[in-house]
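Numbering (the UniProt record's numbering), first residue to last: 1 to 89. Note that CB positions come from ideal geometry on N, CA and C, so glycine has one too. The model shown is predicted, which means the values in this text are computed figures rather than measured ones. Structure first, then comments.
Quick look at the structure:
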């Protein structure tokens, strides 16, 4: 089992409605850029960048370079968190 501090880091990673929206979006449309995420959710680019950064810190999203663009996909942990969140509905 994970230590309490590690669990806190994960929970903080998805403890915002925008970050939950980003997780859901990346589940439907993997490999989006920050610009693509911002456009799909009608939010500011900087807001999108900050939220994806926090999701990556929590190991819920993985980033990689694709030319001049940074792409994002859900990690296995990110997919598990989405399943958990759906049980709360």
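Item: Residue from 89, 34, 3 and 4 with nearest C-alpha to residue 61; Value: 34
Item: Terminal residues of the alpha helix (DSSP H) in which residue 74 lies; Value: First-last for residue 74: 69-74, but that is the beta strand (DSSP E), not the alpha helix (DSSP H).
Item: Beta-carbon contacts of residue 14 that lie in its chain and below 8 Å, excluding the five residues immediately before and after; Value: 20, 23, 55, 58, 60, 81 and 85
Item: Local Cβ density within 10 Å of residue 66, reported as buried at 16 or more and exposed below that; Value: exposed
Item: Beta-bridge pairing of residue 32 - partner residues as DSSP gives them; Value: 72
Item: Expected contact under 8 Å - CB spacing of residue 30 and residue 74 to nearest Å; Value: 7 Å
Item: Same chain only: Cβ atoms within 8 Å of residue 1, ignoring 5 sequence neighbours per side; Value: none
Item: Expected contact under 8 Å - CB spacing of residue 71 and residue 43 to nearest Å; Value: That pair is no contact at about 18 Å.
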